[in-house]
Amino acid sequence: MNKKIEDKKDDENNKIEYPQKNCEEKIEKTKNNLNQNKAKDSQEKSPLFYQAVDSFKRFSTEFSGINYIYKVLEDVNLKELREISSYILKEDNFIQIYGLKNGKRSKIIVLRSINLNFNLKKIFEKLQDHFDFTGTGNMYTLDLECREEDLTRIMESFLIEIRRYAK
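Residue numbers 139 to 305, in the working numbering, belong to the letters of the sequence shown in order.
Here it is as structure tokens:
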């Protein structure tokens with residue numbers, strides 16, 4: 139009974155895997171991909187984008203340590219406005235109130251920086267009883283629709299209420 143013992147070479151099929159090591163490698167790879175995506179996002183934004191952000195920020199008025207951007211706009215690209223305002227939202231101590239004239243379907247966008255400690259949704263609910271507008275939002279952002287003739291009155295009311303809460 140002579141049996142030959144074959145010498146097996148180590149190939150990928152006989153590899154013993156360590157699940158924990160693979161999991162850690164996958165996590166590390168995912169982190170690297172996320173970092174690359176963030177870098178790619180910041181590279182994709184043009185210098186004009188950052189100029190627009192700076193322009194909006196320069197337009198702000200400081201009151202009690204908070205920078206207020208209050209603008210009524212016409213003929214604006216809504217997507218670009220949302221990108222700019224979202225970028226500013228990440229910075230400390232900014233309140234943004236934008237009115238976009240568009241007849242019966244005019245828009246108001248209200249945003250607050252994450253570091254500020256009050257709830258925009260509560261202000262929305264309070265003012266909804268006094269004005270004719272519809273919309274949605276959360277504690278950081280509001281997206282409203284109203285008639286153009288009510289636009290500035292509603293924006294001013296939000297500004298007044300926000301100043302009360304943002305002390």
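Each residue gets a CB set at the ideal place from its N, CA and C atoms; glycine is no exception.
No experiment lies behind these values; they were computed from the predicted model shown.
Check: Taking C-alpha atoms, which residue in Y278, E182, K264 lies nearest to N257?; Outcome: Y278
Check: With distance defined between alpha-carbon atoms, name the residue in K239, K260, F296 nearest to V214.; Outcome: K239
Check: Which runs of the alpha helix (DSSP H) at least 4 residues long sit entirely within the stretch 230 to 295? Give them in chain order.; Outcome: 258 to 266
Check: According to DSSP, is E212 helix, strand or coil?; Outcome: coil
Check: Please report the straight-line C-alpha distance between I247 and R301, rounded to a whole angstrom.; Outcome: 16 Å
Check: For R250, collect the residues of the same chain with a Cβ closer than 7 Å to its Cβ; drop the 5 residues on either side in sequence, then sort them by chain order.; Outcome: I233, L258, Y278
Check: Tell me, which residues are paired with E299 by DSSP?; Outcome: Partner(s): none; E299 has no beta bridge.
Check: Distance, Cα to Cα, E294 vs Y303?; Outcome: 14 Å
Check: Is the CB-CB distance between D288 and D270 below 8 Å?; Outcome: yes
Check: Starting from F187, follow the alpha helix (DSSP H) in both directions and report where the run begins and ends.; Outcome: 185 to 196
Check: Using the beta-carbon count (16 or more within 10 Å), is Y206 buried or exposed?; Outcome: buried
Check: So, under 8 Å CB-CB, F197 and K209 are touching, yes? Tell me the CB distance rounded to an integer number of Å.; Outcome: 7 Å
Check: Around the C-beta of F296, are 16 or more other C-beta atoms found within 10 angstroms, so that it is buried, or is it exposed?; Outcome: buried
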